[in-house]
Structures are given as C-alpha cells and as structure tokens.
Amino acid sequence: MPSQYIEKIKRFVKKNPERSHYHDEYMKYLNGQARGLQRSAALLAMVSWLHFGFFLDPELHPEFPELLYFRLGLSAVGLIVFAATFYKRTRGKGLGLLHVMLAYLLFSCAYFTGRIADDPSYIAGFMLVIAIATFMPSRLIVLYRYYMLSIIIFVGAILIYRPDISSYAVHYSMNNLVIAYMFAAVTAFMFERYRFNMFLNQHRITRTNRNLLHEIAEREQAEEALRESEERYRTLVEQASEIIIRTDGNGNITFVNPAGFSVTGYEEKELVGKQYLDFIHSDERDAVDRFFGRQFVKKLHKTYLEYPLRTKQGNKVWLGQNTQLILKDGQAAGFQAVARDLTDHKKMEAEILTLSITDQLTSLHNRRGFLSLAGHQLKVAERDKNKMLLLFADLDCLKWINDTYGHEEGDKALMEAAAIFRETFRTSDIVARLGGDEFAALVVDITESDSEIITARLQTLIDARNRQEDRKYNLSISVGCSYYDPEHPCTIDELIASADKLMYEQKQSKKCHLLERDSAAIGSR
Numbered sequence: 001m002p003s004q005y006i007e008k009i010k011r012f013v014k015k016n017p018e019r020s021h022y023h024d025e026y027m028k029y030l031n032g033q034a035r036g037l038q039r040s041a042a043l044l045a046m047v048s049w050l051h052f053g054f055f056l057d058p059e060l061h062p063e064f065p066e067l068l069y070f071r072l073g074l075s076a077v078g079l080i081v082f083a084a085t086f087y088k089r090t091r092g093k094g095l096g097l098l099h100v101m102l103a104y105l106l107f108s109c110a111y112f113t114g115r116i117a118d119d120p121s122y123i124a125g126f127m128l129v130i131a132i133a134t135f136m137p138s139r140l141i142v143l144y145r146y147y148m149l150s151i152i153i154f155v156g157a158i159l160i161y162r163p164d165i166s167s168y169a170v171h172y173s174m175n176n177l178v179i180a181y182m183f184a185a186v187t188a189f190m191f192e193r194y195r196f197n198m199f200l201n202q203h204r205i206t207r208t209n210r211n212l213l214h215e216i217a218e219r220e221q222a223e224e225a226l227r228e229s230e231e232r233y234r235t236l237v238e239q240a241s242e243i244i245i246r247t248d249g250n251g252n253i254t255f256v257n258p259a260g261f262s263v264t265g266y267e268e269k270e271l272v273g274k275q276y277l278d279f280i281h282s283d284e285r286d287a288v289d290r291f292f293g294r295q296f297v298k299k300l301h302k303t304y305l306e307y308p309l310r311t312k313q314g315n316k317v318w319l320g321q322n323t324q325l326i327l328k329d330g331q332a333a334g335f336q337a338v339a340r341d342l343t344d345h346k347k348m349e350a351e352i353l354t355l356s357i358t359d360q361l362t363s364l365h366n367r368r369g370f371l372s373l374a375g376h377q378l379k380v381a382e383r384d385k386n387k388m389l390l391l392f393a394d395l396d397c398l399k400w401i402n403d404t405y406g407h408e409e410g411d412k413a414l415m416e417a418a419a420i421f422r423e424t425f426r427t428s429d430i431v432a433r434l435g436g437d438e439f440a441a442l443v444v445d446i447t448e449s450d451s452e453i454i455t456a457r458l459q460t461l462i463d464a465r466n467r468q469e470d471r472k473y474n475l476s477i478s479v480g481c482s483y484y485d486p487e488h489p490c491t492i493d494e495l496i497a498s499a500d501k502l503m504y505e506q507k508q509s510k511k512c513h514l515l516e517r518d519s520a521a522i523g524s525r
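Numbers 1 to 525, taken from the working numbering, label the letters of the sequence shown in order.
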C-alpha cells in the first residue's frame, strides 16, 4: 500500500480523535497488507522463475538438466510459500521474502557472467532496489529489515560465489528478464492498489451505512417523539374544557376544539371559515373589534379580555380569553386563544353585586347602590346636559308603629312604602331605601315643574292604601325635592342635603296622625 494513503488515514485519525475506532480499522488494514505483501513476493518469484524456465530449452542443453529442475523446484517452493502465507502469518513473512531474495540471487548467478566489475551485476542489484521501492511499505519496520537483509545476502553471495556460467548467457535475453519482472511487479502492484481501493470503498460504504443507520434511527426517534407530542397535544386540545380558537390574519376562524362547539352550540362547518367578530354579541362587538385591532397594530404578544359571545340559540355567553398573537416574518398572521366560559361566574358576580346594592327588606337599592348609580347618572347628566329631580322621603311615625305594634308591623310599613315608591316611579328611575325610614328617588330627564306631578301621584297612592279596610294605622310620608341643573352642576350629596332640608320642613309643618281603626289612637314621631 502506498505510504501516502497510510499518512492520510493517520492524519484523519489524529484530527478526529472521537472516531478512534477508525484507528483499529487502520491497524487491521496494515496487518492485511503485510500478509498481502508476502503473497505478492512469493507470486513475483514464482512468475519470474516460471518465465525463465520456459526460455531454457533442455534439448539444446542436456548437460544442464539439473539447473532446469532446480528452477522448476524453486518455483514449486514458491507455490508452497505462497500458500503458507495464508496460514503461517509469522513465519510466512520470512519465508516469502527469503524466497524473493534466493530467486533473484540464483537468477542473477545463472544469467550474468559473475564478474563483479561488469555492468550486469549492478543491473541485478538495481532490480532488487526497484523491488524494494515497489513493495516496501515505509511504516512496516520489520519488513523493511527483511528487505535490507536480502540485499546484504545478495551482494555477499555475488562477491563470494562468483559463478561462471557465461556460456549459457547467450541463450537468454535481458528483455525477457525485464519483462518477467515488470509483469510480476505491475501485477502485484495493481493487485495491491485494487485491494486498497476496495478497502477504502468498503470503508466508505460501511461508514456511510453506519451514519445512514444512525441518521435513520435518530429520524425515527424524532418522528416517534413528534407523533407522541402530536398525540398528547391532540388529546389535550380535544379533551380540554376551555375553548381553543385559531384565526388567520383576516380574522377568519381556522380551528375550534370540541369545547367551542359545546359552549356555542355551533357545528364545525358553521364556525370554520367564518369571521370571528360575527359571533361576538352585538352589545360588545365594536369594543372587541377595537381591542383586537389594537393588539394587531401594536403587535401585543399576549392579551386578556372578557366579552360576551352569541350562541346559536341566541343566548349570551361570557368568555374570559387569553389571546396570543401569531407572527410570521415579523407580521401579524392571526391569533390563537384559550377562552374559558365565564357565564356562571358573571351571573354570580351580578348576584353578589345585586345583593351588595339591594336592601334585603324592601328589595329596593340600598344606600351604597343608590350613591353608586346616582353618581354615575350624575356624570351622564352633566355630559349630556340632562335635568334631574331627586326626591327624598321619610316614613312618618315609624318609631310609634314599632313601639305599638312591634317591629314586624314596622317592617310591613316599610315594605308598603317601598311598594308605593315602585308604583310612583319608572323603572329607569333610581329608587332606594337609604336606611331606617328614609327613602330616595332620582328621576332622570325631567323638568322642575314635574316634581308636583310626582308628589301628587305619590300622595294619591298613599291615600289609596289608607282607604283599605281593616287597617290599624294610616301611612304618612314626608317628601322633599331638589332639582339638578346641568348649568350649575353639584354633587349627589348636595342634592340629598337640599332635598332632606325640604323634607324636614314638610314634616314639621304637618301633623303626624295615625288613625287606628279600633282605638283611634294618635301617635307622634
């Protein structure tokens, strides 16, 4: 094997220490090349001697048949040595190289004159040098020593033996010798070169197959992991109680999980491909459109919004939605969202809010509810320049009713007063029991002159109650009204204080008469 290939392999191993297994292959290859060299050496000697034997005609030289038999015998020995190299790995090296040395030694003695001063002797030595240069791997030190020993023995034998067989040299041609050697040398060299190329190809194929198998295994593992991940994702999405939605850049729905169908009542074909805003409740559609439009324009990555959705049955369903923007090449390409049904939660919130602003006895607004709603309405009136009327009322003689007939009867009196207020005012008006025996009502979109109409209607309803049979006492309610002028805005507390003052003046100006059906007793507050 040419030394440059060995160097290439060793450099490769040195640069790639993580692939140290290649070094083992390299050593195995060198051992194989050593065995191949033995066979090549024996083959060279055998071919050379067979070729020489064919040109020696025993009929022309019957006096030397022993020489022919000796050469043929030496060729037979070459065959034996050639075969021995397959089984005797250690001894085969020495036998094969010794056979080469003997073959060239005897061949030179039989061909040349034996005179050291003549050129043919140097030609024989030169041929051995060529053999060494052709077949000697520079990295195999042991074989190199064998070759050097063969040269020394060859030169020594020529100097000592000095054979004289010049009379037979005329029957042999130098060309035949060169052709025999070149034929064997080229054959052995090409054989070794072919085997080396086969090794490289096999090594490349083995390495490629190994890498390919490794890549296939990694790809199969990645595909299996991907399938498992997709299966987990699909299971989570399909079994999730939350609604999972995905849209494109135009707001068209591209995906909805089964929870979305269950909550909205729509089927997949009724949702996919439709505009998402079409399913938003009309009360909040514009606000939701502005919200998501701002998210697209400002490229807000994550947002949260609570909004009402319209179901297939026309009902309102509240959703709490976490929305994540989908970006492609830095541009908004849609959004994916996870929404939770907040309908029950919203109902509970509304119930809690109602309880927090509702008087439990009369079911009117309490003070907290009245101040909150009235304050909001006051801002609207100031903005829209609307006029309002605040009526402040007090149930007369409530203490006397409690003391005389008990607190249960006093509660009934408060509930009767609340019923009268409901009949007096509209549903759009804000009516409340502020506490104890105090009531208030805020009337919107009204003129100052309408206060007399309202107080008259209130008194009419009170009188109707008092005319009922079997009553133990008559109801009496003192009233004070304050007018809100948007040109001169004020606070809700100022309106209440003004109306309370007028109510107190009315209470002082009239007598509190409670007429009992049985005792005709009168009490005062």
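Every residue, glycine too, gets a C-beta built ideally from N, C-alpha and C.
Legend entry - 7 Å Cβ cutoff met for Ile401 and Ala413: yes
Legend entry - Glu306: first and last residue of the uninterrupted beta strand (DSSP E) it sits in: If you look at Glu306, you'll find it in the beta strand (DSSP E) that goes 302 to 310.
Legend entry - Supposed close pair Gln528, Gln336 - CB separation, criterion 8 Å: Limits of the chain in this structure are 1 at one end and 525 at the other, which puts residue 528 out of reach.
Legend entry - 7 Å Cβ cutoff met for Leu458 and Thr424: yes
Legend entry - Three-state class that DSSP yields for Val272 in the structure shown: coil
Legend entry - Minimum C-alpha distance to Thr264 - residue among Leu371, Leu353, Leu434, Leu319: Leu319
Inset, instruction - Would you mind sorting Ser482 into buried or exposed? The rule is 16 or more other CB atoms within 10 Å of its CB. - result: buried
Legend entry - Buried/exposed call for Leu236, threshold 16 Cβ in 10 Å: exposed
Legend entry - Buried or exposed (CB count within 10 angstroms, at least 16 for buried), Asn474: Counting Cβ neighbours within 10 Å, Asn474 comes out buried, since at least 16 surround it.
Legend entry - Separation of Glu270 from Ile280, as counted between CA atoms: 14 Å
Legend entry - Among His345, Gly410, Gln331, the one whose alpha carbon lies nearest that of Leu361: For Leu361, the closest of His345, Gly410, Gln331 by C-alpha to C-alpha distance is Gly410.
Legend entry - Under 7 Å between C-beta atoms of Val338 and Glu242: Yes. Within cutoff.
Legend entry - Per-residue DSSP class, three states only, for Arg246: strand
Legend entry - Ser365, buried or exposed, once every other Cβ within 10 Å from all chains shown has been counted against 16: For the sequence presented, residue 365 should be read as His rather than Ser. His365 is buried by the Cβ-count criterion.
Inset, instruction - Please state whether DSSP places Ala240 in a helix, a strand or coil. - result: coil
Legend entry - Whole-angstrom distance between His345 and Gln221, CA atom to CA atom: 45 Å
Legend entry - Limits of the unbroken beta strand (DSSP E) element including Lys316: 316 to 328
Legend entry - Cβ-Cβ distance between Tyr276 and Ile244 below 7 Å: no
Inset, instruction - Count the other CB atoms, across all protein chains shown, that sit within 10 Å of the CB of Ser257; report buried if there are 16 or more and exposed otherwise. - result: The residue you asked about is not Ser; residue 257 is Asn in the sequence shown. So Asn257 ends up on the buried side.
Inset, instruction - Tell me whether the beta-carbon of Leu455 lies closer than 7 Å to the beta-carbon of Val479. - result: In the sequence under discussion, the amino acid at residue 455 is Thr, which differs from the Leu named in the question. Contact flag set, yes.
Inset, instruction - Please confirm whether Ala333 and Gly249 have their CB atoms less than 7 Å apart. - result: yes
Legend entry - Assigned secondary structure, Asp396 (DSSP; H/G/I helix, E/B strand, else coil): coil
Inset, instruction - Check whether the Cβ atoms of Pro486 and Ala418 lie closer than 7 Å to each other. - result: no
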